[in-house]
Every structure is written in structure tokens, then in C-alpha cells.
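Asks:
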């Protein structure tokens, strides 16, 4: 499984003299070669002699670990002293001997260890060993508190801090604390804006290596991780782990405010911002705030006009890969989302989710000013502009302002006379998308029925009108009855004053 076969181990032999070209020392090279045993006794060791074999062994005074020769003991002692006598001439980072060997691979790009299952390459044997557990499902480290298992000892160590509450890493800028160094490093980049990892294909930059690695697969369309339950292929091991929870129903992340559960950390982070209205990422062009850096990145493409994803069939460009995939279903005719109530099919999940709310009546988005509820965030955002009076979209011809781009788009047609929509049956052209309505007039189909009078209609707007008429009539009848009842009582009391 490992190539090359010799793993670097804790007490492995140091590199040969050829590596010294990239090392700088604060002392002569002859004195720094740990593989040559010194004649002097190491002050931090004890010498023991095996009476049966006559061989001497050396013991570390600090931890009592036993070594066969002085060179290995000398390297080991640096773990206690913190001594790092070897520094990289490329970046200046300091190392112990065997750490230096691994570090050099970050500059050379050497990855001598490869996975026989998926072909992924690694710079060190220990990383490959941990990776192999993704395929085998092996989790040898378990938490004694809750029984949860982990692939690596580091993963267990970080997990243990969820029980102890320990957060040893603190951000000097905002004071936020973290339980592991990688999360801390990622966080600091939100302040600095540093994105040291860039895609060689499209130039897009990323704050951490795993995101870049996953991104690179969008260009190659490589999906090396597959679900054994449903056969779905995914680009990253993390993506597979999150996907597996859709089968198991596991939702390990809980919102402390409302108790809602989530199957991944990012979904929880996005959700918690709905409670505190936190939008830490701002657009430098228009000042608009966003809850995540990825949403900001997509937003920036509105200003730059960048559409990096294009359809191979019709050439249409898109700002995100997801929008391209949804668009592709127009050509393939694929509608993977089916409503269990009415059987209607949809090409994308957002349309499907909005449709299901017709049946459930769910309106999860509410206006904080008037309390009115909505089925989608975009409708709520448009509604909020009624309170603020904001009309950010203006007509370049007449100067009229609008709350939404779609209304402006429709308005512009009054100037151009454009009628882009035509009925397939009669050929009649429309400024707006009334083709479906016109088509129903030809077929005689009337899918909208009034519950009050039973009358059927081909378009929903006509149904709404008659429902309002019934409501108005009902209101008038109630008022008439109240008036009649009042007059009747008045007449009765006039005729019977002593009652």
C-alpha cells in the first residue's frame, strides 16, 4: 500500500549529506552530523550495559525512553529541549533532522506515497495511513466520554476539547477562541484576507488547501469518493461524510438559540447568523454584507461580469457551477425532484422546496416590521423595500425607479416595444410571459376552482379577483345584517318601552 516502503518514523535515521546543501547550521557540519556517534557522553543520558549480551544502551533522563545509539538519543532529546538546529534555506523555517526531510517536500512537491484505491498522493506515510481509513472505514481512536470514534489521534484530541471546553487558540484581533490550530489559522485569514492557495487553471484563490483541492476537481470533474449506499460520487472525503448523514439521519450540530439541528458545521454557522444578523464579509464595490465568503465571491461577479462556467450546448455563461448544472437540465430534460403530494417534477431543489410550501402552507421568512410572512427570502427582501422606500433599480430612459430588477426589466419593454413571448398555438406575442395563460384558453383547461361558487378559471389572477369579490360581498352582507339588527332592536324598544 505504501510507496516507498520505508516510512519515516519517530526515531528514523537522518538524511544523508546530499541534503545538507539546503541546510544552514550555527555550528560546523562535522559536529552536527547526528549519525556519527560522539565519543563524549551526552549529559542528558544514562548508559546501561546488558550483562548477557554486553551491549550498551542509552536512556533519556527526561522520559526514560531507551535508545541503541547516541545519534537517535540526540535527535530524541530535541523534542524535550525544543532545539531546532537545521533551517531551510528556501523559507527559513527551523527543524529537527527528520522533520526537515518532510518539510522539503512542500518545496519540491514530492509525494512518494500513493493510495492504491483512489490514486491520491501524499508527502508522508502517516498522512496516507490516515487517508486509507476513509476507504476502510477504520476508526481506531475512540472517546471514552461519549464513545465517538475517529480516524486520527489528532481528531480525537480536538474532539475531547468539546467535552473539556478547552480552547487554547485565541484570535488577537477579535478575541474569538478555537479548539484546534487549523480552525484558528483559517479564522485569522478572515481578518487578513490572505488567500495563499490559488488554482492554476482559473486563478481563483483560497484561504486553505482542502478547499483548493476540492475546487480543482470542478475543472477535472474528478469525484473519487463514492457512497456505498446510493452510489453517488463526491469530490471530497468531507463531502462524502456529510452526504452519508443524509442516509443515517445524523445531525450532530445543534443551534444553541433555537435547537435546530444540522448535518454539517457550515450549515450551522450560516444558520446562527440568522439569529444575530451577522454579515462579516463586505463587498468593497457596493458595501453589501454577506454571511459567508463564498456568497460574497459569487456576488462580486455581478460587478465584474465574470461568468466562469459556460454551457457546452448553447454557450450561456453562469456565475456558479450549481447554476450551470441546473441549466444543463433544460437540455437533458432531467427533473430529479418530485413532489410527493401532486407528483410535479422540478429540475432544481430551490424550486422544489418553494413548491412544497404551497401544500404545507409554510412561510418561514417573516418581516420584522409588520410581521408578514413569506415563502422565500427574495420576496421578503422585496417586501422590506416597501418599508424603507428603497428603489435601487432605475430606468435609464425615463428615470423611473423600481424595487426589483424583474419589474425594471418588464418596464424597459414599454420603451423598446419588445414582445419576446409568443403563444405556440395562435402565435400571439406578449411583453410578459402570458404564453401559458393563452395556451389554456386554446385548450379550454381551467385548473383554478373557486371554493365559494365552484366557478373554474384558466388563470390564477381571475380566481383571485372573484375571491376578492366574494369577500367584499360577504363583508357588505355582514354590514347590512348588523344595520338591520340594530334598526329592528330600536323599533322593538320603541314599541315596548316598559320591557
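Residue numbers (this note's numbering): 2 to 500. Glycine is no exception: its CB is placed at the ideal position from the N, C-alpha and C atoms.
For the candidate residues 194, 203, 367 and 223, whose alpha-carbon lies nearest to that of residue 209?
Replies: Translated into positions along the chain shown, residue 209 becomes position 208. Among 194, 203, 367 and 223, the Cα nearest to that of residue 209 belongs to 194.
Asks: Count the other CB atoms, across all protein chains shown, that sit within 10 Å of the CB of residue 485; report buried if there are 16 or more and exposed otherwise.
Replies: Counted from its first residue, the chain shown places residue 485 at position 484. Residue 485 should be labelled exposed.
Asks: Determine the contact status of residue 144 and residue 157, defining contact as a CB-CB distance below 8 Å.
Replies: By one-based count along the chain shown, residue 144 stands at place 143. By one-based count along the chain shown, residue 157 stands at place 156. The answer is yes: Cβ separation under 8 Å.
Asks: At which residue ranges does the stretch 158-222 contain complete alpha helix (DSSP H) runs of 4 or more residues, listed in the order of the chain?
Replies: Here the runs fully enclosed are 182-193 and 210-221.
Asks: Quick one: residues in its chain with C-beta nearer than 6 Å to the C-beta of residue 22, no 5 flanking neighbours on either side, listed in chain order?
Replies: Start at 1 with the first residue of the chain shown, and residue 22 comes out as number 21. With a pLDDT of only 36 at residue 22, under 50, the local geometry of the prediction cannot be trusted, and the value read off the model is given with reservation. Same-chain partners within the cutoff: there are none.
Asks: Going residue by residue through the stretch 230-273, where are the continuous alpha helix (DSSP H) segments of at least 4 residues, counting only ones entirely within it?
Replies: The qualifying runs are 238-249.
Asks: If you draw a straight line from the C-alpha of residue 338 to the C-alpha of residue 391, how long is it?
Replies: Here residue 338 corresponds to residue number 337 of the chain shown, with the count starting at 1. Here residue 391 corresponds to residue number 390 of the chain shown, with the count starting at 1. Distance between the alpha carbons of residue 338 and residue 391: 36 Å.
Asks: On the three-state DSSP scale, how would you describe residue 380?
Replies: If you number the chain shown from 1, residue 380 lands on position 379. DSSP places residue 380 in helix when its eight states are reduced to three.
Asks: Measure the Cβ-Cβ separation of residue 152 and residue 219 and say whether it is below 8 Å.
Replies: By 1-based counting over the chain shown, the position of residue 152 is 151. By 1-based counting over the chain shown, the position of residue 219 is 218. No, the Cβ-Cβ distance between residue 152 and residue 219 is not below 8 Å.
Asks: Run through the DSSP bridge pairs and tell me what residue 290 is partnered with.
Replies: Against the chain shown, residue 290 aligns to sequence position 289. Bridge partners of residue 290: 283.
Asks: Please state the DSSP three-state secondary structure of residue 446.
Replies: As a first step, residue 446 is located in the chain shown; it is residue number 445 there, counting from the start. Reduced to three states, the DSSP call for residue 446 is coil.
Asks: In this structure, what does DSSP give as the bridge partners for residue 115?
Replies: On the chain shown, position 114 is the one that residue 115 refers to. The partner list for residue 115 (beta bridge, DSSP) reads 122.
Asks: Taking the continuous alpha helix (DSSP H) assigned at residue 407, which residues delimit it?
Replies: Stepping through the chain shown from its first residue, residue 407 is reached at position 406. Residues 406-417.
Asks: Counting C-beta neighbours from all protein chains within 10 Å, is the total for residue 39 16 or more, i.e. buried, or is it exposed?
Replies: One-based indexing of the chain shown puts residue 39 at position 38. In this prediction, residue 39 has a pLDDT of 41, which is less than 50 and means its spatial position is unreliable; what the coordinates show is noted afterwards. Exposed, because fewer than 16 other Cβ atoms sit within 10 Å of the Cβ of residue 39.
Asks: Using the DSSP secondary-structure output, state which residues sit across from residue 318 in a beta bridge.
Replies: As a working mapping, residue 318 is identified with position 317 in the chain shown. Bridge partners of residue 318: 311.
Asks: Which residues in the same chain as residue 297 place their Cβ atom closer than 7 Å to its Cβ, once the five residues preceding and following it in sequence are excluded?
Replies: Here residue 297 refers to the residue found at position 296 when the chain shown is read from its first residue. Within the same chain, residue 297 has close Cβ partners 282, 284 and 291.
Asks: If you draw a straight line from the C-alpha of residue 383 to the C-alpha of residue 405, how long is it?
Replies: Residue mapping note: residue 383 aligns to position 382 of the chain shown, counting from 1. Residue mapping note: residue 405 aligns to position 404 of the chain shown, counting from 1. Residue 383 and residue 405: Cα-Cα distance of roughly 7 Å.
Asks: Sort out for me which residues DSSP pairs residue 366 with in a bridge.
Replies: Counting from one through the chain shown, the residue named residue 366 turns up at place 365. DSSP output for residue 366 lists 375 as bridge partner(s).
Asks: Does DSSP put residue 343 in a helix, in a strand, or in coil?
Replies: Sequence index remark: in the chain shown, residue 343 carries index 342 (1-based). Three-state DSSP puts residue 343 in coil, outside helix and strand.
Asks: Mapping the DSSP letters down to three states, classify residue 402 as helix, strand or coil.
Replies: The sequence position of residue 402 within the chain shown is 401, counting from 1. Note: residue 402 maps to strand in three-state DSSP.
Asks: Rounded to whole angstroms, what is the Cα-Cα separation between residue 198 and residue 148?
Replies: Position 197 of the chain shown, counted from the first residue, corresponds to residue 198. Position 147 of the chain shown, counted from the first residue, corresponds to residue 148. Those two C-alpha atoms are separated by around 36 Å.
Asks: Assuming residue 447 contacts residue 461 under a Cβ cut-off of 8 Å, what Cβ separation, rounded to an integer in Å, is found between them?
Replies: Start at 1 with the first residue of the chain shown, and residue 447 comes out as number 446. Start at 1 with the first residue of the chain shown, and residue 461 comes out as number 460. Contact doesn't hold; Cβ gap of about 11 Å is too wide.
Asks: Would you give the residue range spanned by the beta strand (DSSP E) that residue 88 belongs to?
Replies: Your numbering for residue 88 matches position 87 in the chain shown. Note, residue 88: beta strand (DSSP E), 87-89.
Asks: Who are the Cβ neighbours of residue 258 in its own chain at under 8 Å, not counting the five residues just before and after it?
Replies: Sequence index remark: in the chain shown, residue 258 carries index 257 (1-based). Here the set comprises 273 and 276.
Asks: So what's residue 106 in DSSP terms, helix, strand or just coil?
Replies: Stepping through the chain shown from its first residue, residue 106 is reached at position 105. Helix, per DSSP.
Asks: Please report the distance separating the alpha-carbon of residue 250 from that of residue 160.
Replies: Stepping through the chain shown from its first residue, residue 250 is reached at position 249. Stepping through the chain shown from its first residue, residue 160 is reached at position 159. In a straight line, the C-alpha of residue 250 is about 21 Å away from that of residue 160.
Asks: For residue 109 and residue 343, what's the separation of their Cα atoms in angstroms?
Replies: Counted from its first residue, the chain shown places residue 109 at position 108. Counted from its first residue, the chain shown places residue 343 at position 342. Approximately 59 Å between the Cα atoms of the pair.
Asks: Quick test of your reading: residue 231 and residue 224, contact by CB under 8 Å. State the CB separation rounded to the nearest angstrom.
Replies: Counting from one through the chain shown, the residue named residue 231 turns up at place 230. Counting from one through the chain shown, the residue named residue 224 turns up at place 223. Not quite, the Cβ-Cβ distance comes to about 13 Å (not below 8 Å), so this is no contact.
Asks: To the nearest angstrom, report how far apart residue 396 and residue 380 are at their CA atoms.
Replies: To locate residue 396, count along the chain shown from 1; it is residue 395. To locate residue 380, count along the chain shown from 1; it is residue 379. Rounded to the nearest angstrom, the two C-alpha atoms are 21 Å apart.
Asks: Looking at residue 375 and residue 364, is the spacing between their C-beta atoms short of 8 Å?
Replies: Here residue 364 is taken as the residue at index 363 of the chain shown, counted from 1. Here residue 375 is taken as the residue at index 374 of the chain shown, counted from 1. Against a cut-off of 8 Å, the Cβ pair of residue 375 and residue 364 comes out as a contact.
Asks: Kindly list the residues whose CB is nearer than 6 Å to the CB of residue 304, restricted to its own chain and excluding five residues on each side of it in sequence; keep chain order.
Replies: Taking the chain shown and counting its residues from 1, the one referred to as residue 304 is at position 303. For residue 304, where only same-chain residues beyond five positions count, the Cβ hits under 6 Å are 286.
Asks: Could you tell me if residue 423 is buried or exposed, where buried requires 16 or more neighbouring beta carbons within 10 angstroms of its beta carbon?
Replies: As a working note, residue 423 is residue 422 in the chain shown. So residue 423 counts as exposed.
Asks: Nearest-angstrom Cα distance between residue 4 and residue 300?
Replies: As a position in the chain shown, residue 4 is number 3, starting the count at 1. As a position in the chain shown, residue 300 is number 299, starting the count at 1. At residue 4 the pLDDT is 36, less than 50, meaning the model places this residue with poor confidence; the figure from the coordinates comes in the next sentence. So the two alpha carbons sit approximately 44 Å from each other.
Asks: Roughly how many angstroms separate the alpha carbons of residue 481 and residue 464, rounded to a whole number?
Replies: As a position in the chain shown, residue 481 is number 480, starting the count at 1. As a position in the chain shown, residue 464 is number 463, starting the count at 1. Each residue's alpha carbon lies about 26 Å from the other.
Asks: Can you tell me which of 201, 239, 154 and 226 puts its alpha carbon nearest to the alpha carbon of residue 211?
Replies: Taking the chain shown and counting its residues from 1, the one referred to as residue 211 is at position 210. Of the listed residues, the one whose Cα sits closest to residue 211 is 239.
Asks: Below 7 Å CB to CB, which residues in the same chain sit around residue 245 once its five sequence neighbours on both sides are set aside?
Replies: By 1-based counting over the chain shown, the position of residue 245 is 244. Correct list, in chain order: 228.
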